[in-house]
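Numbering (numbering that gives the first Met the number 0), first residue to last: 0 to 67.
The structure under discussion appears below in the form of structure tokens.
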Amino acid sequence: MVRFAETPLGRNPTQIDYADYREVDGVKMPFRWTLSRPNGRFTIQLADVKTNVPVDDARFVKPAEPAK
Numbered sequence: 000m001v002r003f004a005e006t007p008l009g010r011n012p013t014q015i016d017y018a019d020y021r022e023v024d025g026v027k028m029p030f031r032w033t034l035s036r037p038n039g040r041f042t043i044q045l046a047d048v049k050t051n052v053p054v055d056d057a058r059f060v061k062p063a064e065p066a067k
């Protein structure tokens with residue numbers, strides 16, 4: 000996939016290559032993503048993927064104001 004972001008310096012492309020597809024709950028999911036940008040690239044490697052995991056509502060609470 001190639002995406003472009005508008006920046007003050009012009010259009011900035013990002014290419015994402017997906018690899019190492021494995022079946023998770025009956026769906027093929029990529030376990031390795033390689034992101035390439037004009038300034039370099041990096042790889043994200045997943046060890047485990049879980050689907051439909053419940054997320055505690057407390058994770059979505061707005062953080063308290065920092066002490067002044």
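Every residue, glycine too, gets a C-beta built ideally from N, C-alpha and C.
For Asp56, the three-state DSSP class (helix, strand or coil): The residue given as residue 56 occupies position 57 in the sequence shown. In the structure shown, Asp56 sits in a helix (DSSP, three-state: H, G or I).
Whole-angstrom distance between Phe3 and Ala18, CA atom to CA atom: In the sequence shown, counting from the first residue as 1, residue 18 sits at position 19. In the sequence shown, counting from the first residue as 1, residue 3 sits at position 4. Near 21 angstroms, if we compare the C-alpha coordinates of Phe3 and Ala18.
Within 9 angstroms, strictly: CB atoms of Pro37 and Pro12: Your numbering for residue 37 matches position 38 in the sequence shown. Your numbering for residue 12 matches position 13 in the sequence shown. In contact: Pro37 and Pro12 (Cβ atoms closer than 9 angstroms).
Limits of the beta strand (DSSP E) - the one that Pro29 falls within: Position 30 of the sequence shown holds residue 29. 26-36 is the extent of the beta strand (DSSP E) around Pro29.
Neighbourhood of Ser35 by C-beta distance below 6 angstroms, restricted to the same chain and skipping five residues each side: The residue you call residue 35 lines up with position 36 of the sequence shown. Excluding positions up to five away in sequence, the list reads Gln14.
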